[in-house]
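In my numbering, the protein residues as written are 16 to 408.
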């Protein structure tokens with residue numbers, strides 16, 4: 016019987032959130048369909064946790080995850096400079112294409128997750144060359160996000176990348192996006208057929224926390240990537256200028272701008288290294304608020320996966336991003352926290368007053384519980400992906 020291949024850059028034993036989400040989707044699909052395999056990179060982040068695998072050949076190792084066979088493409092530790100990371104992605108894509116071609120008769124369907132953005136090359140190969148049904152789950156939109164951050168390559172490369180990206184989106188069987196706002200953009204700006212685009216929310220791959228926050232504590236934390244899209248320094252400056260001095264901010268992170276953030280450490284701001292999930296939960300168990308932070312220029316191009324991790328930790332969201340961003344719209348729609356606008360600091364006072372209202376914050380915690388139960392959880396998301404796969408077969 017032919018199988019379904021899930022293709023992702025990250026996957027356990029790496030504990031990066033994107034890979035963890037893919038692993039839980041794979042597990043949910045395998046329980047229902049019982050014919051899932053995975054193609055991913057060998058650990059690029061948590062190198063010490065990597066297990067020993069059986070060697071297929073010099074480039075591919077084989078492991079098991081919850082009864083699912085996982086093919087790991089041998090990779091070096093994650094690179095942080097843009098140019099080095101780009102060539103690392105291309106090397107990974109080339110090895111993936113070679114693996115899929117070699118094993119093309121084994122798979123009837125391929126589900127590809129979009130990070131890194133060069134995954135569109137694999138989509139083109141599987142759809143146009145191998146003629147395999149391909150579902151492309153698009154989590155971040157390039158080159159638009161690079162344009163917003165002034166990181167785009169020269170005009171020729173940018174145009175070429177957008178042409179390739181659109182070509183892949185128009186030729187795959189289905190496209191999955193994580194917000195209605197991104198779906199609308201693809202229809203109106205990229206001219207992708209609306210009937211092939213499906214919106215599926217993310218979820219947290221981690222167990223729900225048993226800790227309940229201290230709602231009277233005036234404290235916010237951030238945990239995760241401190242890269243350019245997050246633009247944490249802008250929030251810290253805003254925090255210093257606009258928040259009352261008795262408020263505290265804790266950061267636990269790693270990434271491109273982490274070292275430069277150390278200059279902000281002072282009495283009510285602590286900059287800490289990244290912590291594993293269990294250690295992080297213990298450290299922030301009393302803190303009621305968790306920060307979502309995106310560069311103001313980013314609207315629909317990226318959606319922070321940590322949003323759903325925070326909700327699973329019973330945290331109320333403090334969102335510091337463009338009010339037209341997809342994450343802002345989600346928080347407004349389901350009343351999951353408070354949106355703070357960089358360009359309208361006068362509205363912060365209203366939010367701070369609402370945070371002192373225990374009836375208000377307890378209602379938000381109830382909204383969070385309802386959201387996870389009815390919209391954002393593994394079972395619902397896996398069922399939606401399963402339906403897409405069944406309708407394609």
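Ideal Cβ placement from N, Cα and C applies to all residues, glycine included.
All figures in this text were calculated on a predicted structure; none of them were measured in a lab.
For residue 83, decide whether its Cβ has a neighbour in chain B, counting only Cβ atoms nearer than 8 Å.
The structure shown contains no chain B, having only a single protein chain.
Is the segment 71-86 touching the segment 242-259, taking contact as three or more C-beta pairs under 8 Å?
no
Name the residue from 91, 116, 132, 49 whose alpha carbon lies nearest to the alpha carbon of residue 23.
On the chain shown, residue 23 is found 8 positions in, with the first residue counted as 1. Of 91, 116, 132, 49, the residue nearest in Cα terms is 132.
Relative to the alpha-carbon of residue 367, which residue among 393, 222, 251, 234 has its alpha-carbon at the smallest distance?
If you number the chain shown from 1, residue 367 lands on position 352. Closest option to residue 367, Cα to Cα, is 234.
Residue of 210, 203, 348, 196 minimising C-alpha distance to residue 189:
Locating residue 189 in the chain shown gives position 174, counting from the first residue. Cα-wise, what sits closest to residue 189 is 210.
What residue range does the beta strand (DSSP E) around residue 78 cover?
Against the chain shown, residue 78 aligns to sequence position 63. Residues 75-80.
Selected residue, minimal CA-CA separation from residue 20, among 220, 120, 398:
Residue mapping note: residue 20 aligns to position 5 of the chain shown, counting from 1. That would be 120, whose Cα lies nearest to the Cα of residue 20.
Count Cβ pairs between the segment 285-299 and the segment 258-267 that sit closer than 8 Å; are there 3 or more?
yes
Run the CB neighbour count on residue 336, radius 10 Å, all protein chains shown included, and call it buried at 16 or more, exposed below.
Within the chain shown, numbered from 1, the residue matching residue 336 stands at position 321. Buried, by the Cβ-count rule.
Only counting runs of 3 or more residues, tell me where the beta strand (DSSP E) segments fall wholly within the segment 36-60, in order along the chain.
51-56
Between the C-alpha atoms of residue 65 and residue 32, what's the straight-line distance to the nearest angstrom?
The residue labelled residue 65 in the question sits at position 50 within the chain shown. The residue labelled residue 32 in the question sits at position 17 within the chain shown. Because the pLDDT of residue 65 is 49, which lies under 50, any placement of that residue in the model is unreliable, and the question is left without a value.
In terms of DSSP beta bridges, what is residue 191 paired with?
Reading the chain shown from its first residue, position 176 is the one you call residue 191. Residue 191 is bridged to 152, 213.
Since residue 82 contacts residue 50 with CB under 8 Å, what's their CB separation in whole angstroms?
Taking the chain shown and counting its residues from 1, the one referred to as residue 82 is at position 67. Taking the chain shown and counting its residues from 1, the one referred to as residue 50 is at position 35. That belief does not hold up - the Cβ atoms of residue 82 and residue 50 are roughly 12 Å apart, past 8 Å.
Residues near residue 251 by beta carbon distance below 6 Å, same chain, minus five either side
Residue numbering aside, residue 251 sits at position 236 when the chain shown is read from its first letter. 279.
Taking 6 Å as the limit between beta carbons, can you name the residues of its chain near residue 330, skipping five residues before and five after?
Position 315 of the chain shown, counted from the start, is the residue given in the question as residue 330. Hits under 6 Å: 305.
Please confirm whether residue 308 and residue 377 have their CB atoms less than 8 Å apart.
Residue mapping note: residue 308 aligns to position 293 of the chain shown, counting from 1. Residue mapping note: residue 377 aligns to position 362 of the chain shown, counting from 1. Contact: no.
Please report how far the alpha carbon of residue 187 lies from the alpha carbon of residue 59, in whole angstroms.
Locating residue 187 in the chain shown gives position 172, where the first residue counts as 1. Locating residue 59 in the chain shown gives position 44, where the first residue counts as 1. Rounded to the nearest angstrom, the two C-alpha atoms are 28 Å apart.
Less than 6 Å between C-beta atoms, sequence neighbours within five positions excluded: which residues of the same chain meet that for residue 84?
For the purposes of this step, residue 84 is identified with residue 69 of the chain shown, where counting begins at 1. Counting only Cβ-Cβ distances below 6 Å, and skipping sequence neighbours, we find 52.
Enumerate in chain order the residues of its own chain whose CB-to-CB distance from residue 220 is below 6 Å, with the five nearest sequence positions on each side excluded.
Locating residue 220 in the chain shown gives position 205, counting from the first residue. Counting only Cβ-Cβ distances below 6 Å, and skipping sequence neighbours, we find 35, 36, 39.
Considering just the uninterrupted stretch of the alpha helix (DSSP H) at residue 321, what are its terminal residues?
For the purposes of this step, residue 321 is taken as the residue at position 306 of the chain shown. Looking at the DSSP string, the run of the alpha helix (DSSP H) that includes residue 321 is 321-327.
The segment 101-113 touching the segment 127-146, judged by at least three CB pairs closer than 8 Å:
yes
So what does DSSP say about residue 354, is it helix, strand or coil?
Counted from its first residue, the chain shown places residue 354 at position 339. It is a strand residue.
Which partner residues does residue 236 have in the DSSP bridge list?
Along the chain shown, one-based indexing puts residue 236 at 221. Beta-bridge pairing links residue 236 to 265, 305.
For residue 288, which beta-bridge partners are listed by DSSP?
As a position in the chain shown, residue 288 is number 273, starting the count at 1. Per DSSP, 268.
I'd like to confirm the pairing. Which residues does DSSP put opposite residue 317 in its beta bridges?
Counting from 1 along the chain shown, the entry for residue 317 is found at position 302. The partner list for residue 317 (beta bridge, DSSP) reads 155.
Would you tell me roughly how many angstroms separate the C-alpha atoms of residue 358 and residue 344, rounded to the nearest one?
Translated into positions along the chain shown, residue 358 becomes position 343. Translated into positions along the chain shown, residue 344 becomes position 329. Their Cα atoms are separated by approximately 17 Å.
Whole-angstrom distance between residue 228 and residue 143, CA atom to CA atom
Residue numbering aside, residue 143 sits at position 128 when the chain shown is read from its first letter. Residue numbering aside, residue 228 sits at position 213 when the chain shown is read from its first letter. Straight-line Cα distance between these residues: approximately 51 Å.
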